[in-house]
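2 protein chains.
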Amino acid sequence: KIPKKTIQRVLIYHRYLTFLLQQGTRDISSKSLADILETTPSQVRKDLSCFGRFGKSGSGYDVLELRDLIGKRLGFEKLRKVCIAGMGNLGVALAGYRGFEDLGLTIQAVFDSDPKKINRKFDGLVCRDIKEIAPVVKKNQIDMAVLTVPAGSAQEVARRLENAGIRAILNFTPVKLTLSSRVKVSNVDLAVELKTLSFFIR
Amino acid sequence: KIPKKTIQRVLIYHRYLTFLLQQGTRDISSKSLADILETTPSQVRKDLSCFGRFGKSGSGYDVLELRDLIGKRLGFEKLRKVCIAGMGNLGVALAGYRGFEDLGLTIQAVFDSDPKKINRKFDGLVCRDIKEIAPVVKKNQIDMAVLTVPAGSAQEVARRLENAGIRAILNFTPVKLTLSSRVKVSNVDLAVELKTLSFFIR
Ligand SMILES: NC(=O)c1ccc[n+]([C@@H]2O[C@H](COP(=O)([O-])OP(=O)(O)OC[C@H]3O[C@@H](n4cnc5c(N)ncnc54)[C@H](O)[C@@H]3O)[C@@H](O)[C@H]2O)c1
Ligand SMILES: NC(=O)c1ccc[n+]([C@@H]2O[C@H](COP(=O)([O-])OP(=O)(O)OC[C@H]3O[C@@H](n4cnc5c(N)ncnc54)[C@H](O)[C@@H]3O)[C@@H](O)[C@H]2O)c1
C-alpha cells in the first residue's frame, strides 16, 4: 500500500511531466522534479522507487518514459467512472471541468433532487433524480462519487450512494459521513483550506 | 508557529462544536471530539493545548466556552477580506458560497478579463476588470485571493495579485506559481484529490 501523500506527489510529477512534453523537453533531473514540489531530490527518488526502478541518481530521467511508466503503474489507461450527487454551484463547476479526463476520470452521471434540475442537461449529461441512483450506478458500473449536496442531506445521500454500490466518495460537505468500511471517504473542506491559509498572514 | 495540520484539525473541531451548540449539547469529551476526526483523545488535548489551557483530561469540555475560546485564538472576529480572480465555473461557485462567512472570511471583490463578465453582478458583487485589481485591492484592504483562472493565465494573474499587495493565494490552477516569499500560496488540486481517492479502491 503506497501512502496517500506519495500518490499525490507522484500525480503532480505526472502532471508536470505532461506539461514538459508539450514544451518539448526530453530529459529532467530529480532536482528539477523536486523543485516543483518543494521537496528534495532524494524524496523524488524515494517516491518513484515505490513505482518501480526508474533512472539512476545523477543521470536524470527520460520525460516520456517516466511519464508513461507512472501512468501505467497508476492505472491511467483504466478509465474510472464517477458520478456527482448535487448539481448546485459546486456540482455544476465540477461536472464542467475537463481536467479530470487527463487523469483517467470520467463523469458518467449527475443527480439532484430538485425537479427544476432533473432532466436538464449539464455539459451533455442529463441530470437524473437522486432516487434513480442505484439502477444508474449499476448499469454504468460507476464506482466513485462526488458529494456536493447541502450539509442537511449529506448523510442520507451518502447512504444511498453506499447502497448503490459506490466504493469511494469525495465529500465536499462539512459533515463527517458515517458509512461502512467498504466505502472510502476523502474530505475536501474549501472553507477550512482558505481559513487555514489566513493564519499564515497574521 | 502552530503547524498547518493542527490549525486544520482545530478548525474542524470549531465547526463541529458550532454544530453541537445548534443541537443543544452542552458538554463534550475529548474522546467524542477525537472520533470526529478519527484521531485520539490525547491528540485532541495536544491540539487544544496550542491554543491555551482548556479543560482537564477526563472531565471533558464546555462546548460554548471551548468554541468561543478557539474562535478568539483563531481570530474569528477579525474579518478577512478575500477577492476571487477568474469568474468561471469554479469562481462563481466559490463566490456564491455562504460557508466562508461562518469562518470570518468575506468575498469583497471578483475579477475577470472577459468583457462579457465585466460589470455583471455575481451574488451581489460587480465583476471588475482584472486590470483594476491593484486600486480595488488597496481601496478595500483585501489581503487574500482565490485564483480560478485557466492554467495559461495563472502565473501572470498571480503576479498582478502580488503587485497589488495580496499576501496569500489559494491556487486552484494546476500551475506551480513562482512568487516572492512575501506571498503565501496554498494549492488545491481537485483532480489530484479525486484521482488519489481512486487508488484506494483498486
Ligand atoms: N460552493 C462552494 O464553493 C463550496 C465551498 C465549500 C463547500 N461547499 C459545500 O458543497 C456542498 C454544495 O455546495 P453548493 O454551493 O454547490 O450548494 P448549492 O445549494 O448550490 O447546491 C446543492 C445542490 O444539492 C441539491 N440537493 C439538495 N438535497 C439533495 C438530495 N437529497 N439529493 C440530491 N441533491 C440534493 C440541491 O437541489 C442543489 O442543486 C455544500 O455542502 C457546501 O457546504 C461548497
Ligand atoms: N471547475 C472545476 O471543477 C475545477 C476543478 C479543478 C481545477 N480547476 C481549475 O480552476 C481553474 C478555473 O476552472 P474553471 O472550470 O472555473 O474554468 P473556466 O474556464 O470556467 O473559468 C476561467 C475564468 O477565468 C477567466 N480568465 C481567463 N484569463 C483571465 C485573466 N488573465 N484574468 C482574469 N480572468 C481570466 C475566464 O474569462 C473565465 O471566466 C482552472 O485553472 C482549472 O484548472 C477547476
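Going down the list, the sequences are from chains A and B.
According to my numbering, the residues represented by the first sequence are 536 to 737, in order.
According to my numbering, the residues represented by the second sequence are 536 to 737, in order.
C-beta: ideal position from N, C-alpha, C; glycine also.
- Item | Residues that N706 (chain B) bridges to, as DSSP identifies them | B:L682, B:N722
- Message: So with CB distances below 7 Å, who are the chain B contacts of R702 (chain A)?
- Response: I736
- Message: ligand 1 and S733 (chain A): does any heavy atom of the ligand fall closer than 8 Å to the residue's C-beta?
- Response: no
- For G606 (chain B), is the beta carbon positioned less than 8 Å from some heavy atom of ligand 2? no
- Name the one or two DSSP bridge partners that L660 (chain B) has. B:F657
- Message: Beta carbons nearer than 8 Å to chain B: which residues of the stretch 629 to 648 of chain A have them?
- Response: L629, G631, Y632, G634, F635, D637, L638, G639, L640
- Is the distance from the Cβ of D570 (chain A) to the Cβ of D597 (chain A) below 9 Å? no
- What do you reckon, are the CB atoms on A630 (chain B) and D658 (chain B) nearer than 9 Å? yes
- Task: Report buried or exposed for P709 (chain B), applying the criterion of at least 16 other Cβ atoms within 10 angstroms of its Cβ.
- Result: buried
- Closer than 8 Å by beta-carbon distance: list the chain B residues that pair up with T731 (chain A), in chain order. K539, I542, Q543, L546, S721
- Message: Run through chain B and tell me which residues come within less than 7 Å of K711 (chain A), C-beta to C-beta.
- Response: I571
- Query: Is any heavy atom in ligand 2 found nearer than 8 Å to the beta carbon of P670 (chain B)?
  - Reply: no
- Message: Going by DSSP in three states, R695 (chain A) sits in which element: helix, strand or coil?
- Response: helix
- L682 (chain A) versus chain B: which residues are under 8 Å apart at the beta carbon? Residues of chain B passing the Cβ test: none, with the nearest at roughly 12 Å.
- Item | 9 Å Cβ cutoff, V617 (chain A) in contact with chain B | yes
- Over what stretch of residues does the alpha helix (DSSP H) that includes T641 (chain A) continue unbroken? It is not in any alpha helix (DSSP H) - T641 (chain A) instead sits in the beta strand (DSSP E) that spans 640 to 647.
- Task: Could you tell me which residues DSSP puts in a beta bridge with I563 (chain B)?
- Result: B:Y596
- Message: Going by beta-carbon coordinates alone, are A699 (chain B) and V720 (chain B) separated by less than 9 Å?
- Response: no
- For chain A, is any of its Cβ atoms less than 9 Å away from the one on D678 (chain B)? yes
- Proximity to E573 (chain A) [Cα-Cα], best of B:K730, B:V645, B:F707, B:K711: B:K711
- Under 9 Å, do A726 (chain A) and F635 (chain B) count as touching if we go by C-beta distance? yes
- Endpoints, alpha helix (DSSP H) assigned at K673 (chain B): 668 to 674
- Message: On the DSSP letters alone, give me the boundaries of the beta strand (DSSP E) that I619 (chain B) sits inside.
- Response: 615 to 620
- Task: Indicate whether at least one CB of chain B lies closer than 9 Å to the CB of R550 (chain A).
- Result: yes
- Query: Going along chain A in order, which residues have a C-beta closer than 7 Å to the C-beta of L568 (chain B)?
  - Reply: Result: empty, since nearest Cβ-Cβ is about 11 Å, beyond 7 Å.
- Item | Same chain, Cβ closer than 6 Å to S565 (chain B), neighbours up to 5 away in sequence not counted | P576, V579, R580
- Alpha carbon to alpha carbon, how far is D582 (chain B) from R550 (chain B)? Give it in angstroms, no decimals. 15 Å
- Query: Hey, F707 (chain A) and D724 (chain A): beta-carbon distance below 9 Å or not?
  - Reply: yes
- Message: Please classify K652 (chain B) as buried or exposed, where buried requires at least 16 other C-beta atoms within 10 Å of its C-beta.
- Response: buried
- Task: Output the distance between the C-alpha atoms of V681 (chain A) and R602 (chain B), rounded to the nearest integer angstrom.
- Result: 30 Å
- Excluding five sequence neighbours on each side, which residues of the same chain lie with their C-beta closer than 7 Å to the C-beta of L599 (chain B)? L556
- Query: Can you tell me the Cα-Cα spacing of S567 (chain A) and S584 (chain A), whole angstroms?
  - Reply: 17 Å
- Counting only beta-carbon atoms, is D603 (chain A) nearer than 9 Å to chain B? no
- What separation, rounded to the nearest whole angstrom, lies between the Cα atoms of G610 (chain B) and L705 (chain B)? 19 Å
- Message: One question on the structure: do A618 (chain A) and Q643 (chain A) come within less than 9 Å of each other, judged by their Cβ atoms?
- Response: Per the sequence shown, residue 618 (chain A) should be read as Cys rather than Ala. For C618 (chain A) and Q643 (chain A), yes; Cβs fall inside 9 Å.
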